[in-house]
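There are 2 protein chains.
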Amino acid sequence: MAKTPAPARKGRGRPQNGAPDLSKAQIVATALRLIDEKGLEAFSIRSVARALGCYPTAIYWYTPSRHVLIAEIITVVLRDVLPDAGLDWQDWLRALFTRYRAAIARHPNAAPLIGVTLVSNASVDVDLVEAVLAKLHDAGFRGASLINAYNAVIGAMVGFTTQEFAMLPPDAESLREDLAGFPDRIDANRHPLLAQLSGQMIGAAFILRWQNGATQPMTGAFAMYVEAFVTGLDRLPREGGAASS
Amino acid sequence: MAKTPAPARKGRGRPQNGAPDLSKAQIVATALRLIDEKGLEAFSIRSVARALGCYPTAIYWYTPSRHVLIAEIITVVLRDVLPDAGLDWQDWLRALFTRYRAAIARHPNAAPLIGVTLVSNASVDVDLVEAVLAKLHDAGFRGASLINAYNAVIGAMVGFTTQEFAMLPPDAESLREDLAGFPDRIDANRHPLLAQLSGQMIGAAFILRWQNGATQPMTGAFAMYVEAFVTGLDRLPREGGAASS
DNA sequence: CGGTCTGTTGTGCGGTGTACAATAAGCCCG
DNA sequence: CGGGCTTATTGTACACCGCACAACAGACCG
Numbered sequence: 001m002a003k004t005p006a007p008a009r010k011g012r013g014r015p016q017n018g019a020p021d022l023s024k025a026q027i028v029a030t031a032l033r034l035i036d037e038k039g040l041e042a043f044s045i046r047s048v049a050r051a052l053g054c055y056p057t058a059i060y061w062y063t064p065s066r067h068v069l070i071a072e073i074i075t076v077v078l079r080d081v082l083p084d085a086g087l088d089w090q091d092w093l094r095a096l097f098t099r100y101r102a103a104i105a106r107h108p109n110a111a112p113l114i115g116v117t118l119v120s121n122a123s124v125d126v127d128l129v130e131a132v133l134a135k136l137h138d139a140g141f142r143g144a145s146l147i148n149a150y151n152a153v154i155g156a157m158v159g160f161t162t163q164e165f166a167m168l169p170p171d172a173e174s175l176r177e178d179l180a181g182f183p184d185r186i187d188a189n190r191h192p193l194l195a196q197l198s199g200q201m202i203g204a205a206f207i208l209r210w211q212n213g214a215t216q217p218m219t220g221a222f223a224m225y226v227e228a229f230v231t232g233l234d235r236l237p238r239e240g241g242a243a244s245s
Numbered sequence: 001m002a003k004t005p006a007p008a009r010k011g012r013g014r015p016q017n018g019a020p021d022l023s024k025a026q027i028v029a030t031a032l033r034l035i036d037e038k039g040l041e042a043f044s045i046r047s048v049a050r051a052l053g054c055y056p057t058a059i060y061w062y063t064p065s066r067h068v069l070i071a072e073i074i075t076v077v078l079r080d081v082l083p084d085a086g087l088d089w090q091d092w093l094r095a096l097f098t099r100y101r102a103a104i105a106r107h108p109n110a111a112p113l114i115g116v117t118l119v120s121n122a123s124v125d126v127d128l129v130e131a132v133l134a135k136l137h138d139a140g141f142r143g144a145s146l147i148n149a150y151n152a153v154i155g156a157m158v159g160f161t162t163q164e165f166a167m168l169p170p171d172a173e174s175l176r177e178d179l180a181g182f183p184d185r186i187d188a189n190r191h192p193l194l195a196q197l198s199g200q201m202i203g204a205a206f207i208l209r210w211q212n213g214a215t216q217p218m219t220g221a222f223a224m225y226v227e228a229f230v231t232g233l234d235r236l237p238r239e240g241g242a243a244s245s
């Protein structure tokens with residue numbers, strides 16, 4: 001509430017209670033709350049410190065850098081994406097993709113963090129890796145094909161949803177106005193399908209939208225994407241194949 | 001070369017030749033060159049100005065904001081992704097994905113810009129939209145299914161490659177060291193497949209890598225991903241389906 | 001020849017991540 | 001019980017960022 005540091009307790013030094021004022025969990029939770037409520041741009045070390053009523057440098061006692069803090073936010077967001085292990089491999093993949101999307105939908109403003117920072121960093125979720133490998137092994141994938149399938153699955157899981165919830169430029173309003181007049185500018189001879197479908201696509205389709213999945217979800221497209229990928233995977237050869245690098 | 005503004009010409013006012021010193025194309029090209037050569041983090045309005053030997057605010061004469069400049073960089077990177085229109089719809093989609101990936105591979109450090117900023121903004125590439133719609137119409141998709149398929153295709157095109165070329169944290173070295181000792185920490189009882197495959201996966205697979213597609217391309221995984229998606233798309237119902245929103 | 005347009009130089013503000021010093025309270029050990 | 005070590009924080013400082021805005025000089029046009 002106060003202007004800049006807003007210290008609940010004044011003066012330097014260790015707090016008097018014996019217990020710390022801050023904690024890593026509290027910092028991560030506050031950061032995520034800021035992202036959820038005010039958008040990704042409102043998140044910074046300093047804004048988290050402001051919200052917690054401490055100096056920015058106090059944050060650094062619990063986390064070594066902005067990047068690591070982001071990594072910790074990601075692991076919180078991606079909690080509980082693993083589906084029930086009892087499912088058939090195809091249903092399991094469908095559930096995995098859906099649960100991943102649901103996790104992002106719960107914190108849409110955090111989506112770019114994951115897409116940009118690579119799924120990796122920080123704590124490797126070994127259970128996720130093993131589970132994907134296990135289900136693909138169930139499906140019959142072996143050797144280099146198994147690893148390629150693993151990468152294809154992770155890429156597919158993260159890829160679509162990251163796009164769906166991608167951040168928009170801050171001048172979304174001008175983008176909207178731009179697209180409002182767009183149908184009139186289409187040359188029906190050169191772009192007949194676009195001319196015919198623009199009414200349904202403006203504001204709802206990639207490249208022609210000004211809002212992201214938080215307000216304009218692409219549920220139908222996502223379902224089709226998952227279905228195409230999973231059923232397509234079933235029709236692929238499952239052995240051999242070159243390694244990636 | 002000079003310290004801060006490094007003006008080739010001194011003093012204020014309009015240049016004497018009659019021709020401007022700068023141009024939008026030059027600014028975009030310089031920005032992209034900086035990104036390619038020194039990484040995305042080295043790109044800023046101020047760094048571009050430094051490279052051009054002008055004041056940062058001179059950049060604003062040609063572009064209204066950082067976001068718009070980024071949008072212009074994106075359109076340059078994504079030039080020439082459209083494949084030959086004569087191809088069969090499935091081959092055309094394969095070619096589209098491959099050409100998109102090749103474009104990103106030419107400027108890997110720019111990958112996060114596209115993934116984050118949404119494919120949209122700035123100049124809508126109507127030819128791309130129309131071409132995708134046309135090929136999916138060729139495939140028999142109609143109505144809501146056509147639009148869903150369009151979104152699935154764009155999401156698939158951008159999604160995987162964005163992940164493959166996602167930026168890594170600046171402390172990649174410590175990540176590498178961390179992952180070097182990773183195989184020894186795997187409990188072979190709890191994670192048997194990971195224990196067996198970690199040797200092939202460390203450094204080359206999502207979540208277990210410390211480099212991105214610029215140095216560790218996932219060619220095999222990408223091929224499998226494309227193949228699964230395209231052949232899967234062929235087996236989907238092509239009419240009806242609910243709209244997304 | 002005066003005014004307006006153009007394309008710069010320059011100044012300034014509020015923001016950022018984070019390195020580093022200062023400091024005070026709790027804790028442990030002799 | 002007292003001195004030093006550890007802990008958790010306040011403060012200061014620096015180099016960077018995007019960008020708003022003023023100043024201004026040359027070109028161009030009536």
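Which chain is which? The protein sequence lines are A and B, in order. For the first sequence, the UniProt record's numbering assigns the number 1 to the initial residue and increments by one for each residue that follows. For the second sequence, the UniProt record's numbering assigns the number 1 to the initial residue and increments by one for each residue that follows. Even for Gly, the Cβ is constructed at its ideal location relative to N, Cα and C. Predicted, not measured: the structure shown is a model, and the values here were computed from it.
Within-7 angstroms CB hit, residue i to chain A
{"i": "T231 of chain B", "result": "yes"}
{"i": "L194 of chain B", "result": "yes"}
{"i": "P83 of chain B", "result": "no"}
{"i": "E239 of chain B", "result": "no"}
{"i": "G155 of chain B", "result": "yes"}
{"i": "E115 of chain B", "result": "The identity of residue 115 of chain B in the sequence shown is Gly, whereas the question assumes Glu. Yes - at least one Cβ of chain A is within 7 angstroms of the one on G115 of chain B."}
Contact with chain B by residue i, beta-carbon distance below 7 angstroms
{"i": "R235 of chain A", "result": "yes"}
{"i": "I45 of chain A", "result": "no"}
{"i": "Q163 of chain A", "result": "yes"}
{"i": "N148 of chain A", "result": "yes"}
{"i": "P169 of chain A", "result": "yes"}
{"i": "K3 of chain A", "result": "Residue placement at K3 of chain A is flagged as unreliable, the pLDDT there being 40, under the threshold of 50; the coordinate-derived value follows with that caveat. So, not an interface residue."}
{"i": "Q200 of chain A", "result": "yes"}
{"i": "M218 of chain A", "result": "yes"}
{"i": "E177 of chain A", "result": "no"}
{"i": "I207 of chain A", "result": "yes"}
{"i": "N17 of chain A", "result": "no"}
{"i": "F160 of chain A", "result": "yes"}
{"i": "Y100 of chain A", "result": "no"}
{"i": "P108 of chain A", "result": "no"}
{"i": "L34 of chain A", "result": "no"}
{"i": "V124 of chain A", "result": "yes"}
{"i": "V129 of chain A", "result": "yes"}
Distance CB(residue i)-CB(residue j) smaller than 7 angstroms
{"i": "A110 of chain B", "j": "V77 of chain B", "result": "yes"}
{"i": "F141 of chain B", "j": "I104 of chain B", "result": "no"}
{"i": "F222 of chain A", "j": "A156 of chain A", "result": "no"}
{"i": "R101 of chain A", "j": "T30 of chain A", "result": "no"}
{"i": "L158 of chain B", "j": "Q163 of chain A", "result": "Per the sequence presented here, residue 158 of chain B reads as Val, with Leu not at that position. It is a contact, given that the beta carbons lie within the stated cut-off."}
{"i": "V124 of chain A", "j": "M167 of chain B", "result": "no"}
{"i": "L32 of chain A", "j": "I74 of chain A", "result": "no"}
{"i": "I154 of chain B", "j": "F206 of chain A", "result": "yes"}
{"i": "P169 of chain B", "j": "H137 of chain A", "result": "no"}
{"i": "I186 of chain B", "j": "A195 of chain B", "result": "yes"}
{"i": "I59 of chain A", "j": "A51 of chain A", "result": "no"}
{"i": "I202 of chain A", "j": "L179 of chain A", "result": "yes"}
{"i": "L193 of chain A", "j": "L133 of chain B", "result": "yes"}
{"i": "Y62 of chain A", "j": "K24 of chain A", "result": "yes"}
Residue i - containing alpha helix (DSSP H), residue span
{"i": "F97 of chain A", "result": "89-106"}
{"i": "V124 of chain A", "result": "Note, V124 of chain A: premise wrong, no alpha helix (DSSP H); not H, not E."}
{"i": "H67 of chain A", "result": "66-77"}
{"i": "I114 of chain B", "result": "111-117"}
{"i": "D36 of chain B", "result": "24-38"}
{"i": "A144 of chain A", "result": "143-164"}
Residues near residue i by beta carbon distance below 6 angstroms, same chain, minus five either side
{"i": "residue 246 of chain A", "result": "What is shown of chain A runs 1 to 245, which leaves residue 246 of chain A out entirely."}
{"i": "I35 of chain B", "result": "F43, N109, A110"}
{"i": "R238 of chain B", "result": "G140, F141, S145"}
{"i": "A188 of chain A", "result": "A195"}
Same chain only: Cβ atoms within 8 angstroms of residue i, ignoring 5 sequence neighbours per side
{"i": "L82 of chain A", "result": "L96, R99, D127, L128, A131"}
{"i": "residue 249 of chain A", "result": "This structure leaves residue 249 of chain A out entirely; chain A is present only between 1 and 245."}
{"i": "S198 of chain B", "result": "F182, P183, I186, L208"}
{"i": "Q216 of chain A", "result": "G203, A204, R209"}
{"i": "V28 of chain B", "result": "L69, E72, I73, V76"}
Chain-order list of residues whose beta-carbon lies under 7 angstroms from that of residue i (same chain, five-residue window excluded)
{"i": "R94 of chain B", "result": "V226, V230"}
{"i": "P112 of chain A", "result": "L40, A166, M167"}
{"i": "S47 of chain B", "result": "L34"}
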